[in-house]
């Protein structure tokens with residue numbers, strides 16, 4: 001009387017399996033979406049926190065520059081023996097967060113609950129380098145600037161003709177040529193000099209000696225490397241420039257008169273091309289979190305006691321596996 005009963009039971013079992021499979025699939029999809037939402041929220045939170053931390057590092061560096069300007073109001077001199085030139089060594093972020101208002105750390109294990117984040121920073125003088133913007137001023141290419149660039153290119157070991165090419169392309173990008181239709185884009189950083197037709201190897205070789213600032217600036221002889229110092233003055237070799245680098249450790253240059261003592265006979269210092277103080281600084285903050293590194297580099301213009309951020313560049317890096 002019940003021949004269809006086994007078939008009904010089989011159909012019910014198949015339906016139950018289908019329902020279980022459907023429910024499992026839906027649950028897995030919901031869990032995956034929730035997991036993704038949590039991961040996205042965590043990443044957004046980490047990104048926001050990283051931005052705030054790096055902003056704090058930038059504000060800290062600006063405060064140091066402001067206090068330096070306040071201390072040097074009577075005698076504007078910037079050198080590598082000042083507080084701003086001391087880098088912030090990499091330190092665990094929890095060491096900053098755990099310190100109380102008196103600067104004392106609470107007792108107990110200082111690293112057990114702290115985040116695995118590390119902060120480091122550095123202030124560097126942008127006017128320690130030769131400013132390529134000096135080549136773009138005036139209707140005619142300044143001969144002294146071209147000779148300086150040529151000597152720098154010789155020190156960097158780049159192919160002959162690089163100085164002429166770079167000067168020509170920079171002036172074209174600045175709109176100082178008749179045919180503006182063929183002008184390249186104006187680079188804003190040294191890394192973008194490839195836009196002017198320079199190879200990556202040439203850019204890499206020039207990078208330790210040149211920079212691109214918004215306006216014409218003199219080189220600060222208290223912070224410049226010997227290659228840049230030697231390139232500034234006719235007849236100066238690397239040995240004479242090394243003497244300046246060595247002597248300024250104990251006795252920074254304070255005036256054009258101090259500069260004159262190191263120059264070859266007959267060469268006069270030009271305060272528009274060589275000085276002893278700086279207005280532009282690079283601020284680099286680096287935040288390391290596990291295998292990720294977030295680095296921010298800012299260009300700051302110091303005008304009296306005003307600190308203005310001119311440009312900011314942020315780079316995400318990945319640490320190499322050991």
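Numbering (this note's numbering), first residue to last: 1 to 322.
Cβ coordinates follow ideal geometry from the N, Cα and C atoms, glycine included.
These numbers were taken from a predicted model, which means no experiment stands behind them.
DSSP three-state assignment for residue 283, whether helix, strand or coil
The residue given as residue 283 occupies position 283 in the chain shown. If DSSP states are grouped into helix, strand and coil, residue 283 belongs with the strands.
CB-CB length for residue 170 against residue 135, believed under 8 Å
The residue labelled residue 170 in the question sits at position 170 within the chain shown. The residue labelled residue 135 in the question sits at position 135 within the chain shown. Confirmed, Cβ separation roughly 5 Å.
Assuming residue 129 and residue 210 form a contact by the criterion Cβ under 8 Å, report the distance between their Cβ atoms to the nearest whole angstrom.
Position 129 of the chain shown, counted from the start, is the residue given in the question as residue 129. Position 210 of the chain shown, counted from the start, is the residue given in the question as residue 210. Between residue 210 and residue 129 the Cβ distance is about 6 Å, and since that is below 8 Å, they are a contact.
Among 254, 189, 158, 167, which one has its Cα closest to the Cα of residue 337?
Nothing about residue 337 can be reported from this structure: the residues present for the chain run from 1 to 322 only.
Can you tell me whether residue 260 is helix, strand or coil according to DSSP?
The count along the chain shown starts at 1 and reaches residue 260 at position 260. Reduced to three states, the DSSP call for residue 260 is helix.
According to the neighbour-count rule (16 or more other Cβ atoms, all chains shown, within 10 Å of its Cβ), is residue 264 buried or exposed?
Along the chain shown, read from residue 1 onward, the residue named residue 264 stands at position 264. Counting the other Cβ atoms within 10 Å of the Cβ of residue 264 gives fewer than 16, which makes it exposed.
Same chain, Cβ closer than 6 Å to residue 195, five either side skipped, listed in chain order
To locate residue 195, count along the chain shown from 1; it is residue 195. Taking C-beta separations shorter than 6 Å and ignoring five residues to either side along the sequence, the partners of residue 195 in its chain run 184, 185, 187, following chain order.
Confirm, please, whether the CB-CB distance from residue 275 to residue 218 is below 7 Å.
By 1-based counting over the chain shown, the position of residue 218 is 218. By 1-based counting over the chain shown, the position of residue 275 is 275. For the pair residue 218 and residue 275, the CB atoms are nearer than the 7 Å cut-off.
Give me the Cα-Cα distance between residue 326 and residue 31, rounded to the nearest whole angstrom.
Here the chain has residues from 1 to 322 only, and residue 326 is not among them.
DSSP three-state call for residue 83: helix, strand or coil?
One-based indexing of the chain shown puts residue 83 at position 83. Helix.
Spatial neighbours of residue 206 within its chain, please: C-beta separation below 6 Å, excluding the five flanking residues on both sides.
If you number the chain shown from 1, residue 206 lands on position 206. Taken in chain order, the residues that qualify are 156.
Applying the 10 Å Cβ sphere with the 16-neighbour rule, what's the burial state of residue 229?
In the chain shown, counting from the first residue as 1, residue 229 sits at position 229. A residue is called buried when at least 16 other Cβ atoms come within 10 angstroms of its Cβ; residue 229 meets this threshold and is buried.
Beta carbon of residue 143, beta carbon of residue 305: below 7 Å?
Here residue 143 refers to the residue found at position 143 of the chain shown. Here residue 305 refers to the residue found at position 305 of the chain shown. No.
When we look at the beta-carbon of residue 53 and count the other beta-carbons within 10 Å, is it buried (16 or more) or exposed?
Mapped onto the chain shown, residue 53 falls at position 53. The C-beta of residue 53 has 16 or more other C-beta atoms within 10 Å across all chains shown, which makes the residue buried.
Take the Cβ of residue 315 as the centre, count every other Cβ of all protein chains shown within 10 Å, and call the residue buried at 16 or more, exposed below.
For the purposes of this step, residue 315 is identified with residue 315 of the chain shown, where counting begins at 1. Answer is exposed; the Cβ neighbour count stays below 16.
Return the bridge partner residues of residue 130 from the DSSP annotation.
Stepping through the chain shown from its first residue, residue 130 is reached at position 130. Partner(s): 210.
Taking the straight line between their C-alpha atoms, what separation do you get for residue 200 and residue 192?
Within the chain shown, numbered from 1, the residue matching residue 200 stands at position 200. Within the chain shown, numbered from 1, the residue matching residue 192 stands at position 192. The alpha-carbon of residue 200 is positioned some 10 Å away from that of residue 192.
Proximity below 7 Å, CB of residue 212 to CB of residue 132:
Translated into positions along the chain shown, residue 212 becomes position 212. Translated into positions along the chain shown, residue 132 becomes position 132. Result yes, Cβ atoms of residue 212 and residue 132 sit closer than 7 Å.
Check this for me: beta carbons of residue 126 and residue 281, under 7 Å apart or not?
Position 126 of the chain shown, counted from the start, is the residue given in the question as residue 126. Position 281 of the chain shown, counted from the start, is the residue given in the question as residue 281. It is a contact, given that the beta carbons lie within the stated cut-off.
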